[in-house]
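Q: This structure is in structure tokens; I'll ask about it shortly.
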Amino acid sequence: MDNNTTKRKYSVEELKKYKKRSMWAEVWRNFKKNRTAMVGLFIVIALVIIAVFSHFYYDYAADIVHQELKDRFQKPSAEHWFGTDSFGRDVFTRIVYGAQYSLSVGIVAVAISCALGTTLGVIAGFYGGVTENIILRVCEVFVGIPSVLLGIAIMAAFGQSIVVLMFAIGLVYVPMYCRTARAAVLPVRGEEYIEAARIAGVGDFGIMFKHILPNSLSPIIVQITMGVASGILTASSLSFLGLGVPLPSPEWGAMLSEGRAYIRDYGYLTIFPGLAIMITVLAFNLMGDGLRDALDPKLKQ
Amino acid sequence: MSEKDIVLDLQNLRVRFETEDGIVYAVNGLDMKLEKGKAIGLVGETGAGKTTTALALLRLVPDPPGVVECDKLELNGQDVLNMGIHDLEKVRGKDISMIFQDPMTALNPVFTVGEQIAESIFLHEKCTYAEAQQRAVEMLELVGIPGERANEYPHQFSGGMKQRVVIAIALACHPQLLIADEPTTALDVTIQAQVLDLMKNLRKQYQTSLIMITHDLGIVADICDEVAVMYAGTIVEKGTLEDVFNHTKHPYTEGLFNSLPNINDRKAMLTPIKGLMPDPTNLPEGCPFHPRCPYADEDCKKPQVVRNISDSHYVRCGAYDRPGFHIERKER
Amino acid sequence: MIRYVLKRILMMIPVLLAVSFVVYFLMDLAPGDIVMQLAPTDATAEQIEQLRKDLGLDGPLLTRYFRYVGNLLKGDLGQSLSQNRPVMELFMDRFPATVKLAVGSLIVAIGISFPLGIAAATHHRSWLDGSSMVTAMIGVSMPSFWLGLLLIMLFASKLNLLPSGGDSGFLSLILPAITLGANQAGSLTRTVRSSMLDVIRQDYLRTARAKGVSEKQVIRKHALKNALIPILTVLGSTLGNALGGSVTVEAVFAWPGVGRLTVSAINNRDMTLATGCIIMFTLMLNLTLLAVDIAYAFVDPRIRARYSK
Numbered sequence: 000m001d002n003n004t005t006k007r008k009y010s011v012e013e014l015k016k017y018k019k020r021s022m023w024a025e026v027w028r029n030f031k032k033n034r035t036a037m038v039g040l041f042i043v044i045a046l047v048i049i050a051v052f053s054h055f056y057y058d059y060a061a062d063i064v065h066q067e068l069k070d071r072f073q074k075p076s077a078e079h080w081f082g083t084d085s086f087g088r089d090v091f092t093r094i095v096y097g098a099q100y101s102l103s104v105g106i107v108a109v110a111i112s113c114a115l116g117t118t119l120g121v122i123a124g125f126y127g128g129v130t131e132n133i134i135l136r137v138c139e140v141f142v143g144i145p146s147v148l149l150g151i152a153i154m155a156a157f158g159q160s161i162v163v164l165m166f167a168i169g170l171v172y173v174p175m176y177c178r179t180a181r182a183a184v185l186p187v188r189g190e191e192y193i194e195a196a197r198i199a200g201v202g203d204f205g206i207m208f209k210h211i212l213p214n215s216l217s218p219i220i221v222q223i224t225m226g227v228a229s230g231i232l233t234a235s236s237l238s239f240l241g242l243g244v245p246l247p248s249p250e251w252g253a254m255l256s257e258g259r260a261y262i263r264d265y266g267y268l269t270i271f272p273g274l275a276i277m278i279t280v281l282a283f284n285l286m287g288d289g290l291r292d293a294l295d296p297k298l299k300q
Numbered sequence: 000m001s002e003k004d005i006v007l008d009l010q011n012l013r014v015r016f017e018t019e020d021g022i023v024y025a026v027n028g029l030d031m032k033l034e035k036g037k038a039i040g041l042v043g044e045t046g047a048g049k050t051t052t053a054l055a056l057l058r059l060v061p062d063p064p065g066v067v068e069c070d071k072l073e074l075n076g077q078d079v080l081n082m083g084i085h086d087l088e089k090v091r092g093k094d095i096s097m098i099f100q101d102p103m104t105a106l107n108p109v110f111t112v113g114e115q116i117a118e119s120i121f122l123h124e125k126c127t128y129a130e131a132q133q134r135a136v137e138m139l140e141l142v143g144i145p146g147e148r149a150n151e152y153p154h155q156f157s158g159g160m161k162q163r164v165v166i167a168i169a170l171a172c173h174p175q176l177l178i179a180d181e182p183t184t185a186l187d188v189t190i191q192a193q194v195l196d197l198m199k200n201l202r203k204q205y206q207t208s209l210i211m212i213t214h215d216l217g218i219v220a221d222i223c224d225e226v227a228v229m230y231a232g233t234i235v236e237k238g239t240l241e242d243v244f245n246h247t248k249h250p251y252t253e254g255l256f257n258s259l260p261n262i263n264d265r266k267a268m269l270t271p272i273k274g275l276m277p278d279p280t281n282l283p284e285g286c287p288f289h290p291r292c293p294y295a296d297e298d299c300k301k302p303q304v305v306r307n308i309s310d311s312h313y314v315r316c317g318a319y320d321r322p323g324f325h326i327e328r329k330e331r
Numbered sequence: 000m001i002r003y004v005l006k007r008i009l010m011m012i013p014v015l016l017a018v019s020f021v022v023y024f025l026m027d028l029a030p031g032d033i034v035m036q037l038a039p040t041d042a043t044a045e046q047i048e049q050l051r052k053d054l055g056l057d058g059p060l061l062t063r064y065f066r067y068v069g070n071l072l073k074g075d076l077g078q079s080l081s082q083n084r085p086v087m088e089l090f091m092d093r094f095p096a097t098v099k100l101a102v103g104s105l106i107v108a109i110g111i112s113f114p115l116g117i118a119a120a121t122h123h124r125s126w127l128d129g130s131s132m133v134t135a136m137i138g139v140s141m142p143s144f145w146l147g148l149l150l151i152m153l154f155a156s157k158l159n160l161l162p163s164g165g166d167s168g169f170l171s172l173i174l175p176a177i178t179l180g181a182n183q184a185g186s187l188t189r190t191v192r193s194s195m196l197d198v199i200r201q202d203y204l205r206t207a208r209a210k211g212v213s214e215k216q217v218i219r220k221h222a223l224k225n226a227l228i229p230i231l232t233v234l235g236s237t238l239g240n241a242l243g244g245s246v247t248v249e250a251v252f253a254w255p256g257v258g259r260l261t262v263s264a265i266n267n268r269d270m271t272l273a274t275g276c277i278i279m280f281t282l283m284l285n286l287t288l289l290a291v292d293i294a295y296a297f298v299d300p301r302i303r304a305r306y307s308k
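Residue numbers (numbering that gives the first Met the number 0), protein chains in the order written: chain B, 0 to 300; chain R, 0 to 331; chain Y, 0 to 308.
Rendered as structure tokens:
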């Protein structure tokens, strides 16, 4: 060991920074070792880039929804990589453009359910007693309803649009975050540093969100990545049932539903959108799985 | 001593664990011979390779990461080393069995203790399952537990009782060789004595040979005929109780004795052995004890040979090449 | 034990009432009016009001809801507005098909996940482990309606081996059961593996090996029974959800189950039917979870001891 470095005195600020960075550096180092997780991360990054660029690159009216009936049902070729659909629209372009729907629905829905669920969960775990009981009972009610059906009911009540879809899926997954956050807070609740913060005069909310939550982040982070995956899956299910993103938007689930009518002769119309959904969902799942291992090395041992 | 009476003949056992962080050399050339009905104490610090040795005798070292090599491993004249897995399963629990360190985790929580004892009997003896259960009840009574408790589950028993159950499982088929891996470490002191007495009596009754793994020299003195002192995967000194306790030869053995509290002089300071066990991924050359040894010199970094003191007593220490060398502990 | 079960069943009642309120409330928010659909096109305003009263749909939301709950507490799920039949009858008509699909999918899921998960755990960190985990992950990530369509394409359209939809005997069950089962197998495989991995390191397995128990028996008898608790939990919620009808799989295979019944009820704004169906699902789910809790007691004596206290 090098004595010179250990003798140097660090300021508190420097130490804090060092500590923080080293924790995330450690997570990143563990994550990097996981090949499948890296593949997942790579696909997710690629999808985000595709979603953003296609939004600006393509013209919605001319490239995405414009119908060219003379070009309908062309099999995959050099010109139309994934062929064309029943309205003569290029399937590849629509799938590329469709990435933004799935990603935005998945991500916004998770943001909603995570914000709401985590807050409720932390409050439940922190206060315990009656508050906890009420929150958990409400969660139980929502868990009792199959998620797709609850989603359908919400879509029916508030009308079909992408924003409602985001909220519908967001609400469906609130209980999951609530339970995860509560479970993560429970063991931390009795820790001495929480007592110390209270003695130092930090208020309840300060303790909850500055002291407790950061120490319970790992399971929530994992839940978030996996949540995007299941959010995308549920959204595409709803769209497949005709209750998600309204037509003619190139949402993958909706495209699949359209293509289904021609399954006998033009199978590619169902194959490609489904493949896009699967790859996206798989990428988030692989990433979440890798994050879980990286955040909690004990689990892997 | 005729060859027939040898229960265990082990030559040059080597076990290493190949892990991501390097190769752990757990056992490095260990020989052991044990006569029928005799008990040997395998003494050493935590990490000396005692448990690994025991598991290697049953060929239970997890593989991977464990790699076991050996020149000879015979049990009652049977070559256990090259035995097929099927034959091996017939030997385990029947000819050789083991009592594990922690009774809290050694029993399967979802089966009754009766079932767990009966399983062993049913596997190895020609009998119906009902007979096996009947014998399991008898075994329980033998270890001092009322037979009607056979239908209870491990979580309904205390630690000492669980260890009795573990002993009952191990002795259910009257094995020739019993390995006890720190059987009392996890127990209260008062329970320890009971369990040791039980083992002593049962061993006498069944003429079972015993390898007692422990770091407690008191237990060795109480139960064993011979002692082998292990350090960093090798036996550094071996002999009868008399040899090792009263004519200590190896500096490490001396260190062990010096670090025991002296009941006659309660004010005396304990003399711990300086330093720590060497890192098993990076063992020192020559005698593994030399970095901690007060007598060490340059020659100790060379490979060490076994030096016979008497027929029953040997030591693995090069210092005895020096004229007039003796350790400071007075021979009593 | 019986007291515990009774307590659990009693605790379901408030949950069911709350579920009924949530669904009833959502359905009321939905635009579109079933009365307008049912009334003849040339009906006068008075006639429509009269019909509304006859159907019990007049008055403010809470009045109507309490009227509904009053009947519900008597065990009456009401009359379907769109089909003019008792909700219970409609539900029970469809329920057998749903049970068939749920059980079939569970058999597929167990058949895949147990061997795969156990093999992955016993060969931890080998290629077998890695590839079965990726396979499981693909199973979890695959949209079930897509898999269903692919299977239809291959086995019904191309090979003409199996029917592509409807419930017409055992052959017609195969594709839907595989579709739903593959999805469930994904998460189940992961659970089997991780709980086996937890158990495989336990000392009592070493004790069993030292007794001379064969490796096969060590895994199948000693390890599996201990690993069963978390597996049962996942199995229970899988079955519970499948009993709620997999809406998408039923839609793909035109399977006459309760999932599709509910979707059409929601789409038709038939609030009694929709609420009734969802209440029944919740009941099924909770009963399955209760059954799982009871099953725990059979697997683990420690839990058994806790229940009897």
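By construction, the Cβ of each residue, glycine as well, lies at the ideal position given by its N, Cα and C atoms.
Values in this document were obtained by computation on a predicted structure and should not be read as measured data.
1) Quick one: residues in its chain with C-beta nearer than 6 angstroms to the C-beta of B:P247, no 5 flanking neighbours on either side, listed in chain order?
2) If contact means a Cβ-Cβ distance below 7 angstroms, which residues of the segment 211 to 222 of chain Y contact chain R?
3) Hey, how far is the Cα of R:P108 from the Cα of Y:W126?
4) Please say whether R:M211 and R:G158 have beta carbons closer to each other than 8 angstroms?
5) Shortest alpha-carbon distance to Y:T261 belongs to which of Y:V251, Y:K52, Y:F280?
6) On the DSSP letters alone, give me the boundaries of the beta strand (DSSP E) that R:M198 sits inside.
7) When you compare the CB positions of B:L268 and B:V121, do they come within less than 8 angstroms of one another, or not?
8) Is there at least one Cβ from chain Y nearer than 8 angstroms to R:H335's Cβ?
9) DSSP three-state label for R:K301, please.
10) Let me confirm a value: B:W27 is counted as buried when at least 16 other C-beta atoms fall within 10 Å, else exposed. Which label applies?
11) Per DSSP, what kind of secondary structure is B:L170 in: helix, strand or coil?
12) Counting only the same chain and skipping the five closest in sequence on each side, list residues whose C-beta sits under 8 angstroms from that of R:D30.
13) Of the residues R:E241, R:Q162, R:S208, which one's Cα is nearest the Cα of R:D310?
14) Rounded to the nearest angstrom, what separates Y:A44 and Y:S81 at their Cα positions?
15) Given a threshold of 16 other Cβ atoms within 10 Å of its Cβ, counted over all protein chains shown, does R:Y313 qualify as buried or as exposed?
16) Relative to the alpha-carbon of Y:L28, which residue among B:V95, B:A152, B:M286 has its alpha-carbon at the smallest distance?
17) Using only alpha-carbon positions, find the residue among R:K237, R:L176, R:M198 that is nearest to R:K35.
18) If you pair each beta-carbon of the segment 239 to 249 of chain Y with each one of the segment 131 to 148 of chain R, do three or more pairs fall below 8 angstroms?
19) Please list the residues of the segment 34 to 54 of chain Y that have a C-beta atom closer than 7 angstroms to any C-beta atom in chain B, keeping them in chain order.
20) In whole angstroms, give me the CA-to-CA distance for R:L72 and B:G289.
21) Helix, strand or coil: how does DSSP classify Y:Q78 here?
22) Under 8 angstroms between the Cβ atoms of Y:I302 and Y:V4?
23) What three-state label does DSSP hand R:M97 in the structure shown?
24) Compare the Cα-Cα distances from R:E19 to each of R:E118, R:Q204, R:P64 and report the closest residue.
25) Y:M91: buried (16+ other C-beta within 10 angstroms of its C-beta) or exposed?
26) Going by DSSP in three states, Y:Y64 sits in which element: helix, strand or coil?
27) Does the segment 181 to 191 of chain R come close enough to the segment 151 to 171 of chain R to have 3 or more Cβ pairs within less than 8 angstroms?
28) Note down, in chain order, each residue of its chain lying with its Cβ closer than 6 angstroms to the Cβ of Y:A176, except the 5 sequence neighbours on either side.
29) Is it right to say B:A45 is buried, meaning 16 or more other beta carbons lie within 10 angstroms of its own, or is it exposed?
30) Strictly under 8 angstroms for the Cβ-Cβ distance: is B:D1 near chain Y by that measure?
31) Report buried or exposed for R:D187, applying the criterion of at least 16 other Cβ atoms within 10 angstroms of its Cβ.
32) Within 10 Å of its beta-carbon, does Y:T62 have 16 or more other beta-carbons around it, so buried, or fewer, so exposed?
33) Report the residues of the segment 268 to 300 of chain Y with a CB closer than 9 angstroms to any CB of chain R, ordered along the chain.
34) Report the CB separation of R:P250 from R:C292 in whole angstroms; it is logged as a contact under 8 angstroms.
35) Could you give the distance in angstroms between the alpha-carbon of R:P287 and the alpha-carbon of R:L122?
36) With distances taken Cα to Cα, identify the nearest neighbour of B:A180 among B:F166, B:S215, B:V221.
A: For this structure:
1) Indexing the first sequence from 1 puts residue 247 of chain B at position 248. Correct list, in chain order: V64.
2) G211, V212, S213, H221
3) By one-based count along the second sequence, residue 108 of chain R stands at place 109. By one-based count along the third sequence, residue 126 of chain Y stands at place 127. Approximately 32 angstroms between the Cα atoms of the pair.
4) Translated into positions along the second sequence, residue 158 of chain R becomes position 159. Translated into positions along the second sequence, residue 211 of chain R becomes position 212. Not closer than 8 angstroms, so no.
5) As a first step, residue 261 of chain Y must be located in the third sequence, where it is residue number 262. Minimum Cα distance to Y:T261 is reached at Y:F280.
6) Reading the second sequence from its first residue, position 199 is the one you call residue 198 of chain R. That residue, R:M198, is in no beta strand (DSSP E); its alpha helix (DSSP H) goes 188 to 205.
7) The sequence position of residue 268 of chain B within the first sequence is 269, counting from 1. The sequence position of residue 121 of chain B within the first sequence is 122, counting from 1. Taking 8 angstroms as the Cβ cut-off, B:L268 and B:V121 do not qualify as a contacting pair.
8) This structure leaves residue 335 of chain R out entirely; chain R is present only between 0 and 331.
9) Residue mapping note: residue 301 of chain R aligns to position 302 of the second sequence, counting from 1. Secondary structure at R:K301: coil, using DSSP grouped into helix, strand and coil.
10) In the first sequence, counting from the first residue as 1, residue 27 of chain B sits at position 28. Exposed is the call here.
11) Sequence index remark: in the first sequence, residue 170 of chain B carries index 171 (1-based). Three-state result, B:L170: helix.
12) As a first step, residue 30 of chain R must be located in the second sequence, where it is residue number 31. Counting only Cβ-Cβ distances below 8 angstroms, and skipping sequence neighbours, we find L9, Q10, N11, L12, I234.
13) Counted from its first residue, the second sequence places residue 310 of chain R at position 311. Considering only alpha carbons, the answer is R:E241.
14) Along the third sequence, read from residue 1 onward, the residue named residue 44 of chain Y stands at position 45. Along the third sequence, read from residue 1 onward, the residue named residue 81 of chain Y stands at position 82. Y:A44 and Y:S81 have their alpha carbons spaced roughly 20 angstroms apart.
15) Residue mapping note: residue 313 of chain R aligns to position 314 of the second sequence, counting from 1. Burial call: buried.
16) As a position in the third sequence, residue 28 of chain Y is number 29, starting the count at 1. Closest by alpha carbon: B:A152.
17) By 1-based counting over the second sequence, the position of residue 35 of chain R is 36. Ranking R:K237, R:L176, R:M198 by Cα distance to R:K35 puts R:L176 first.
18) no
19) Result list empty, no residue passes.
20) Counting from one through the second sequence, the residue named residue 72 of chain R turns up at place 73. Counting from one through the first sequence, the residue named residue 289 of chain B turns up at place 290. Looking at the two C-alpha atoms, the distance is approximately 44 angstroms.
21) Within the third sequence, the letter at position 79 stands for residue 78 of chain Y. Three-state DSSP puts Y:Q78 in a strand.
22) By one-based count along the third sequence, residue 302 of chain Y stands at place 303. By one-based count along the third sequence, residue 4 of chain Y stands at place 5. No, these two residues do not count as a Cβ contact at 8 angstroms.
23) Counting from 1 along the second sequence, the entry for residue 97 of chain R is found at position 98. R:M97: strand per DSSP, three-state reduction.
24) Taking the first residue of the second sequence as 1, we reach residue 19 of chain R at position 20. Across the set R:E118, R:Q204, R:P64, the C-alpha of R:P64 shows the shortest separation from the C-alpha of R:E19.
25) As a working note, residue 91 of chain Y is residue 92 in the third sequence. Classification for Y:M91: exposed.
26) Here residue 64 of chain Y corresponds to residue number 65 of the third sequence, with the count starting at 1. In this structure, Y:Y64 counts as helix in the three-state DSSP scheme.
27) yes
28) Taking the third sequence and counting its residues from 1, one reaches residue 176 of chain Y at position 177. So the list reads G103, S104, V107, once near-sequence residues are dropped.
29) In the first sequence, residue 45 of chain B corresponds to position 46, counting from 1. B:A45 comes out exposed.
30) Position 2 of the first sequence, counting from 1, holds the residue named residue 1 of chain B. Summary for B:D1: the model assigns pLDDT 41, below 50, so the residue's position carries little reliability; its value from the coordinates is reported in the next sentence. Taking Cβ atoms only, chain Y never reaches closer than 8 angstroms to B:D1, which makes this a no.
31) Translated into positions along the second sequence, residue 187 of chain R becomes position 188. Exposed, because fewer than 16 other Cβ atoms sit within 10 Å of the Cβ of R:D187.
32) By 1-based counting over the third sequence, the position of residue 62 of chain Y is 63. Flag for Y:T62 reads exposed.
33) V298, D299, P300
34) By 1-based counting over the second sequence, the position of residue 250 of chain R is 251. By 1-based counting over the second sequence, the position of residue 292 of chain R is 293. Indeed they touch by this definition, with Cβ atoms about 5 angstroms apart.
35) Locating residue 287 of chain R in the second sequence gives position 288, counting from the first residue. Locating residue 122 of chain R in the second sequence gives position 123, counting from the first residue. Spanning the two alpha carbons is a distance of roughly 43 angstroms.
36) Here residue 180 of chain B corresponds to residue number 181 of the first sequence, with the count starting at 1. It is B:S215.
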